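Note that the sequence shown covers residues 318 to 410 in the numbering used here. Structure first, commentary second.
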Amino acid sequence: QQRSLGSELGLFGRVLVAPEGINGTVQGTADAISVYEASVQKVFSRKIDWKSSKAEGVEPIFPDFVVKEVPELVGFGLQERLDVTAEAGIRLS
Numbered sequence: 318q319q320r321s322l323g324s325e326l327g328l329f330g331r332v333l334v335a336p337e338g339i340n341g342t343v344q345g346t347a348d349a350i351s352v353y354e355a356s357v358q359k360v361f362s363r364k365i366d367w368k369s370s371k372a373e374g375v376e377p378i379f380p381d382f383v384v385k386e387v388p389e390l391v392g393f394g395l396q397e398r399l400d401v402t403a404e405a406g407i408r409l410s
């Protein structure tokens, strides 16, 4: 669903989806990104902490829009499964 939505919205970028969450870089118009963010947020039960930056007149940095399902967002090289939500620290601001 995310793959087709990103293409329909004319987005560019790379998105990784794992059991512990989502991480990626998405480029497109502000309206298209807002629609994408709202759609992704509906899929996840926890609130997503979106980060954004604006660039004017920039050519796409990615040739297309790719969404990959991966076993983990950050590889720890562990043999056993790590529950990152249980092991997470306090978020600093």
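Here a beta-carbon is modelled for each residue, glycine too, at the ideal position from N, C-alpha and C. Bear in mind that the values here come from a model prediction, so they are computed numbers and not experimental data.
Decide if residue i is buried, meaning its Cβ has at least 16 other Cβ atoms within 10 Å, or exposed.
i           : result
proline 323 : Here residue 323 turns out to be glycine, not proline, going by the sequence shown. Buried, by the Cβ-count rule.
glycine 330 : buried
valine 391  : exposed
Our contact map puts residue i next to residue j with C-beta atoms below 8 Å; I'd like the distance itself, whole angstroms only.
i              : j              : result
isoleucine 339 : isoleucine 365 : 7 Å
leucine 328    : alanine 349    : 6 Å
alanine 335    : proline 388    : 6 Å
If we ignore side chains and look at the alpha-carbon of each, how far apart do residue i and residue j end up?
i             : j                 : result
valine 360    : glycine 374       : 31 Å
arginine 320  : phenylalanine 382 : 7 Å
serine 369    : valine 357        : 15 Å
glycine 394   : alanine 403       : 18 Å
threonine 342 : proline 380       : 13 Å
lysine 371    : glutamine 318     : 26 Å
arginine 363  : glutamate 337     : 10 Å
CB-CB under 7 Å to residue i, same chain, minus the five flanking residues each way: which ones, in chain order?
i           : result
leucine 326 : Gly345, Ala349, Val352, Tyr353
Can you give me the Cβ contacts of residue i inside the same chain, cut-off strictly under 6 Å, excluding the 5 residues immediately before and after it?
i              : result
aspartate 385  : Before going on, a small fix: residue 385 reads as lysine here, not aspartate. Here the set comprises Leu333.
isoleucine 407 : none
CB-CB under 8 Å to residue i, same chain, minus the five flanking residues each way: which ones, in chain order?
i              : result
tryptophan 367 : Glu354
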